[in-house]
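Undergrad:
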Amino acid sequence: MIRDLPRRVLTALGLPAVLVAVWWVSSAHSTSFFWPPLSTIVRAFPQTWTADPLLHDVLPSLARLTAGYLAALAAGVTAGLAIGSSRTVRALCEPALEFFRAIPPPVLIPVIALFTGYTAWTAKVVTIALGCLWPILLNTVEGVRSMDEVLRDTARSYRLGRAATLTMVLRGASPRIVTGARQALSIGVILMVISELFGANRGLGAAIVQFQRGFAIPQMWTGIILLGLLGVTLSVLFRLVEHRTMAWYRGVRQAERGA
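The sequence shown begins at 1 in UniProt numbering and counts up one residue at a time.
Here it is as structure tokens:
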């Protein structure tokens, strides 16, 4: 597996490198105001996102994303375990869950702002949390619901305590929980930007809009590229955590294939 690492890295970087090269060459002689050469954008990147912008735009956005995502993770897993463990509760809650899941979180921003204010930190965190909640909650419910009945019977037969039973349920549902958490992370990045478009003074989304309104086009492009790099970085970090925490699950799958 370690021997294949260089080949996998080259494979992962191959297409992005080709796209960057195509962009660089195709825009090299561009005279369009809205489509500056990539070399101009690259030169503008360090001065746009270091020092003050890093402290007052990038870090606050990441803090809001982290707070909203962790709140959704805690609430989604907790509620999902409660709903998924009971067939009666699941039957009662599923219609309401489907209703609220169908409402796009950005639509709720004006409603949230009525209580917190458009520029409030809470409004943006709540928007991110609401968007991230549903994939985590629904995947947790499905993970608990689809657990092997043999595990449930084993827990009852051995009269396991609540803590031991909860650990067993979490372990059994963890593949679906991780799937929901991965989906929620990408949704959280999108909502982080959208929430900052509504009356925010600082933040990545607000900075990009301010660059666009001020016709600072190279700086606007640097913000878009930074968001892409941020998404890739978060995805890589999530996969590293998943690789460490879900090693047992890969072993089970490999054993099942070999059986």
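Just so it is clear, CB atoms sit at the ideal spot from N, CA and C, and this is done for glycine as well.
Which of the three DSSP states, helix, strand or coil, is assigned to N139?
TA: Counting from 1 along the sequence shown, the entry for residue 139 is found at position 139. N139 falls in the helix class under three-state DSSP.
Undergrad: Quick check on the DSSP output: the alpha helix (DSSP H) that includes T31 runs from which residue to which?
TA: Position 31 of the sequence shown, counting from 1, holds the residue named residue 31. Here T31 belongs to no alpha helix (DSSP H), and DSSP marks it neither H nor E.
Undergrad: Roughly how many whole angstroms lie between the Cα atoms of R156 and A67?
TA: Position 156 of the sequence shown, counted from the start, is the residue given in the question as residue 156. Position 67 of the sequence shown, counted from the start, is the residue given in the question as residue 67. Going by the C-alpha atoms only, they are around 37 Å apart.
Undergrad: Is W134 helix, strand or coil when you go by DSSP?
TA: Mapped onto the sequence shown, residue 134 falls at position 134. If DSSP states are grouped into helix, strand and coil, W134 belongs with the helices.
Undergrad: With a 10 Å radius around its C-beta and 16 neighbouring C-beta atoms as the bar for buried, classify S30 as buried or exposed.
TA: Counting from 1 along the sequence shown, the entry for residue 30 is found at position 30. Its Cβ having fewer than 16 others within 10 Å, S30 is exposed.
Undergrad: Using the rule of at least 16 other Cβ atoms within 10 Å of the residue's Cβ for burial, across every protein chain shown, is E94 buried or exposed?
TA: Working through the sequence shown from its first residue, we reach residue 94 at position 94. Exposed, because fewer than 16 other Cβ atoms sit within 10 Å of the Cβ of E94.
Undergrad: Taking Cβ to Cβ, would you say I136 is nearer than 9 Å to G80?
TA: Residue mapping note: residue 136 aligns to position 136 of the sequence shown, counting from 1. Residue mapping note: residue 80 aligns to position 80 of the sequence shown, counting from 1. Their beta carbons are under 9 Å apart, which means I136 touches G80 by this criterion.
Undergrad: Thinking just about the alpha-carbon of each residue, which of G231, Q210, F215 and V193 is nearest to the one in L185?
TA: Position 185 of the sequence shown, counting from 1, holds the residue named residue 185. Minimum Cα distance to L185 is reached at G231.
Undergrad: Once you ignore the five residues that flank T222 on each side, which residues in its own chain have a CB closer than 7 Å to its CB?
TA: Indexing the sequence shown from 1 puts residue 222 at position 222. The residues are I41, A44, F45, T48 and W49.
Undergrad: Just to confirm, is the Cβ distance from E142 to G76 under 9 Å?
TA: For the purposes of this step, residue 142 is identified with residue 142 of the sequence shown, where counting begins at 1. For the purposes of this step, residue 76 is identified with residue 76 of the sequence shown, where counting begins at 1. The answer is no: Cβ separation not under 9 Å.
Undergrad: At what residues does the alpha helix (DSSP H) containing M220 begin and finish?
TA: As a working mapping, residue 220 is identified with position 220 in the sequence shown. Segment I217 to T245, the alpha helix (DSSP H) holding M220.
Undergrad: Would you identify the three-state DSSP class for R7, choosing helix, strand or coil?
TA: As a position in the sequence shown, residue 7 is number 7, starting the count at 1. Note: R7 maps to helix in three-state DSSP.
Undergrad: Within 10 angstroms of its Cβ, does N139 collect 16 or more other Cβ (buried), or is it exposed?
TA: On the sequence shown, residue 139 is found 139 positions in, with the first residue counted as 1. It is buried - the Cβ of N139 has at least 16 other Cβ atoms within 10 Å.
Undergrad: Report the three-state DSSP secondary structure of residue 261 (helix, strand or coil).
TA: With the chain covering 1 to 259 only, the question about residue 261 has no answer from this structure.
Undergrad: Rounded to the nearest angstrom, what separates L226 and F99 at their Cα positions?
TA: Reading the sequence shown from its first residue, position 226 is the one you call residue 226. Reading the sequence shown from its first residue, position 99 is the one you call residue 99. Answer to the nearest angstrom: the Cα atoms are 35 Å apart.
Undergrad: Among A91, W248, F215 and A74, whose alpha-carbon lies nearest the alpha-carbon of P175?
TA: For this step, residue 175 is matched to residue 175 along the sequence shown. Considering only alpha carbons, the answer is W248.
Undergrad: With distances taken from CA atoms, which of S195, R182 and I194 is nearest L70?
TA: For the purposes of this step, residue 70 is identified with residue 70 of the sequence shown, where counting begins at 1. Residue R182 is the option with its Cα nearest to L70.
Undergrad: Find the nearest neighbour of T167 within the set T78, F33 and W23, judged by alpha-carbon distance.
TA: Mapped onto the sequence shown, residue 167 falls at position 167. When only C-alpha atoms are compared, the closest one is T78.
Undergrad: Considering Cα atoms alone, identify which of P218, R250 and P110 is closest to F33.
TA: Numbered from its first residue, the sequence shown carries residue 33 at position 33. Checked all of P218, R250 and P110; the closest Cα to F33 is P218.
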